[in-house]
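This report concerns only the one structure given below.
Protein chains in written order, with this note's numbering: chain A, 565 to 990; chain B, 565 to 990.
Structural data, given as C-alpha cells:
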C-alpha cells in the first residue's frame, strides 16, 4: 500500500517550513506505516494537475494538505475535480456552517470569498473541520495504473496545522487502520553524547546479527541533528508476537551497547524525559539563562503539566542583570568574563537560591555571529549546575550558526540534568 | 530555467521537519528565482533513482540535500553516479582533510566508515564543506529531455543545515546568478492584526488594477500562519527600472490600504522589527512570562545584537514565583486568578521595576491542553504592558494547540510593543 503526500502552497517553495509533512510522517510512522514520497508544489494549476496525475497513477492513497482556504490561490479542490473529471457543487450545510462561524467569531457578515470553501467534489465525503471554516474531503475513485483500473483514495486536508492535525486523526487514521495488511512497527531510539559515526560503529554488530542488509523484514537508519542521534528501525512480519519480540530484543541489545546515552524513544524529547525524571523524583528545576535567553525554560514547559516541576527562571542577558538578579559578583565578571565557568557557577547558585528549586542550571556563551575572539570563539558555552550539595561548571565548544549554538546548549543542559537525575536514582 | 530540489532521508518521510527546503526556497526567492518543486524521498536506492531520473528529465538545475554522510544509509553520491552511468573515485585530498578533521575535533583515529565521504563522481567539481567532513559536488551533464540532449547541472549538498547553508551560499548562489535571464523580483509583505480573508478583500482592488489574473508579469499570493498574514507578489520583466517601479507602486498602494498593519517585508520578523524600533528610539524592553515561559525573550534575542535593547526577563510559572520574583499581590491572585488582566498588569509592573527597562510586557494565559474551564477556556491569554506613564492589559482568545497558543501570544506581545513604539514616534 503506497501512501503519498502532496503539500500545496507556493509559500512552501519560497521559504515556508512544511510542518504538515513532518506531522503526517510521524503519525504514519507511529502506526507502522510510511510515506513513500512527499511533494511540495506551488499554487499553479498546471503544476498541481501534473503532480495529481502522477500521484494518482503510482500511489494507492493520496493525501493533500493546503489550498482549501478562501483566497484565489486556493485551488486544490477544483484541480482535483478537474484531474478526475468530476463536478463541484456548493454544499448548503457547509455554507450555513461557514456563515455561523463568521457570525460567532468575527461578529460580521461572511466575506463573499469564504463561500468558495463550501465547494465539494461530487461523490466526496465531507470531513468536518473543528478548527476552521474549510471542510476536508475524502474521495474513493478509480484510476488507470499500468493499463488497468485501480481503486484509490484521495484525502484533501486543510493547510493550517491546527486544522489539519485533528482532521487527520479523526478521518485519515481510522481509514488507514482498516486498510493495512501485515504488521510493521517503527521504533526510534534517541541518543545523546556520542558522535553519529561512532554510534554506527558501536551498533553495527547488533544490526548485522539482526539481518541488516540481508533481511527485508528489518530496516535501519541513523540520523543526527543538534547533537541528538536517532537510531530508527522498522520490523515487519505477519506474527505480531514475533515482530514485538524482535523489537524488544533489538532495544535490549542497543541498550547494552549505548547504555545511558539512549535517552528515550518515539515522541520522547530531552525535555520530556528530564521532566518525567523530575516528576518521579518529586524534584524541581530552574534556569538562569544568558545566551539561550529563555529557550531552556521554553523547552521544558513545552511539555503539558510541566508546572509540577518548573516554577521560575531568570534570563540575565546583560552583566548588570547577572549581578542584580542573580548575585553574580562584579569581581567574577571582571576577572573571568561573562562567558566563563566561574560566572556559570555563580549564575546557577543565584537561581538556586532565588527559586527554591532542587536543581539549578545556567548557560552563558557566545552564540554569534559577533562577539567571538581568538580566546573565546563563537560556540564557546559554559553550563553551570547547582544542587544542595555542590556547584559545577561544564565547558562546551559547539559549532554552527547562532540558532544551532543556542539549541545545542539547551540540549546539553537538559541532558546534563537528565544524567544527574539518573545518577541520583541508581 | 527550472530549478528543483530533492531532499533525501527517510527521516523526512517519518516526522522530521525539512528546514533545508525552506532555507533554499527563501534564498532563491530573495534572488528572484523560484523552486518548481520539492520532493522528499527516502534512503532506498530504487526510490531515489526514480526521482533522480524524473528530475534530470524535467529540470535544468537539480539540487539535492542529504545522503552525503558516513553511514550506510547515505546513498546520494552512488545513486546519482549510477543514474548517470558515471564512475566514482576516492579523492586523496578529501581523504586527507577528513583525517585531519578527526584528529582535530575528535582527537582519535578516523572511523573507517567516514572514508566513504571522499567518494567523488567522475567529472564533478568538489565543493568545500567548512562545517563538516562531507564535501559537496557540482556536476554538469547532458540528459535526454523530450527526445533531445540538454545540458543540466546537479548540485549535491550535505543534509545538516549548518553545512548545507554556507555551501549553498558559496557555490550554488554564484552559479545561479550567472544563469538567470530576465528580471524577476519577489516581495513578501508581513501583516499583523487583520484576518486572512479580510486582507484579501482589502487589497483586491489594488491587485486587480495591477493586472491580477490577466497579466503574467505580476503574480500574487496570500498566506496566514500564527496570526501573521503574508502578502507575496512577484514582478517580472526585462527592464529593471520598470520592475522596481511596479514593486514600489504596489508596496505604496498596499501600504495605503493596510497602514500600520503591515509590519515588515522579506526577512523581517515581529521580533526584528520591534528590535529595530527599540534601537532607533534607544529604548529597552523586558518580559515577565508565564504561559510563554521564555519564548518571548528567546524570540527577541534570536536577532543578533539584541543585547543592545534586551537586558533581562523573569519567567514566573507558579503563583509563588509571580509573588516572590515580580511582586504580584497574593490578594490579586486570589481574587482574579493567575490568568487575569489584573495579574498581567502587576507582572508587567513587577518586571518594569526590577529590570530598569523602558518597556515591560507580560503574558499569562491557559496554553492547554489542560487547565481550561468554561469561564477561562484554553486559549485565554492576558498581555500586560507597562512604561513610565501607565500600565494596561489586553485580553485575547487564541485557538489552537498548546504550541499555537504560546506562539500567537508571543506574536501578539511583540506586535503590541511594535505599535507602542510606532505611536510614540508619530
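Don't be surprised by glycine CBs; every beta carbon is placed ideally from N, CA and C.
| query | result |
| --- | --- |
| Spatial distance of residue 595(A) from residue 942(A) (CA atoms) | 42 Å |
| Proximity winner among 682(A), 760(A), 960(A) and 958(A), relative to residue 633(A) (alpha-carbon distances) | 682(A) |
| C-alpha gap between residue 934(A) and residue 778(A), whole angstroms | 50 Å |
| Check whether residue 985(A) and residue 838(A) have beta carbons under 8 Å apart | yes |
| Nearest-angstrom Cα separation, counted from residue 746(A) out to residue 858(A) | 46 Å |
| Contact list for residue 868(A) against chain B, beta-carbon separation under 9 Å | 931, 932, 933, 934, 935 and 966 |
| Residue 862(A) at chain B interface by Cβ criterion, 8 Å | yes |
| Interface residues of the stretch 621–638 of chain B facing chain A [CB-CB below 8 Å] | 633, 634, 635, 636 and 637 |
| Neighbour list for residue 678(B) in chain A, Cβ cutoff strictly below 9 Å | 761 |
| Sheet register partners of residue 752(B) (DSSP bridge) | 796(B) |
| Of the residues 850(A), 831(A) and 591(A), the one placed nearest residue 732(A), counting alpha carbons only | 591(A) |
| The stretch 613–625 of chain A contacting the stretch 762–769 of chain A, beta-carbon criterion three pairs below 8 Å | no |
| Top-ranked residue by Cα proximity to residue 956(A), from 908(A), 936(A), 917(A) and 937(A) | 908(A) |
| Meets three-Cβ-pair contact criterion under 8 Å: the stretch 823–831 of chain A and the stretch 825–845 of chain B | no |
| Beta-carbon proximity list for residue 587(B), same chain, < 8 Å, skipping 5 on both sides | 725, 728, 729 and 732 |
| Proximity test, Cβ basis, 8 Å: residue 986(A) and chain B | no |
| Cβ pair residue 903(B), residue 932(B) closer than 8 Å | no |
| The stretch 873–889 of chain B: positions lying closer than 7 Å to chain A by Cβ | 874, 875, 876, 877, 878, 879, 880, 881, 882, 884, 885 and 889 |
| Rounded straight-line distance, which links the Cα of residue 944(A) to that of residue 813(A) | 40 Å |
| Beta-bridge pairing of residue 914(A) - partner residues as DSSP gives them | DSSP lists no partner for residue 914(A). |
| Interface residues of chain B facing residue 857(A) [CB-CB closer than 7 Å] | 861, 862 and 865 |
| At least three beta-carbon pairs within less than 8 Å, the stretch 866–878 of chain A to the stretch 911–929 of chain A | yes |
| Residue 640(A) versus 679(A), 684(A) and 658(A), residue with shortest Cα-Cα distance | 684(A) |
| Segment limits, beta strand (DSSP E) that includes residue 1013(B) | In this structure chain B extends from 565 to 990, so residue 1013(B) is not present and cannot be described. |
| Beta-bridge partners of residue 829(A), as assigned by DSSP | 753(A) |
| Distance between residue 787(B) and residue 614(B) (C-alpha atoms, nearest Å) | 33 Å |
| Chain A within 8 Å of residue 582(B), Cβ atoms only | yes |
| Among 679(B), 678(B), 675(B) and 701(B), nearest to residue 686(B) - alpha-carbon criterion | 701(B) |
| DSSP three-state assignment for residue 698(B), whether helix, strand or coil | coil |
| Residue 794(B) at chain A interface by Cβ criterion, 8 Å | yes |
| Stretch pair the stretch 593–608 of chain A + the stretch 568–578 of chain A: three plus CB contacts closer than 8 Å | yes |
| Proximity winner among 705(A), 645(A), 716(A) and 755(A), relative to residue 983(A) (alpha-carbon distances) | 755(A) |
| CA-to-CA distance, residue 850(A) to residue 880(B), given in whole angstroms | 10 Å |
| Option in 577(A), 736(A) and 939(A) with minimal Cα separation from residue 689(A) | 736(A) |
| Nonlocal neighbours in the same chain, by C-beta distance under 8 Å from residue 713(A), ignoring five residues either side | 706 and 707 |
| Helix, strand or coil at residue 892(A) according to DSSP, with G and I counted as helix | coil |
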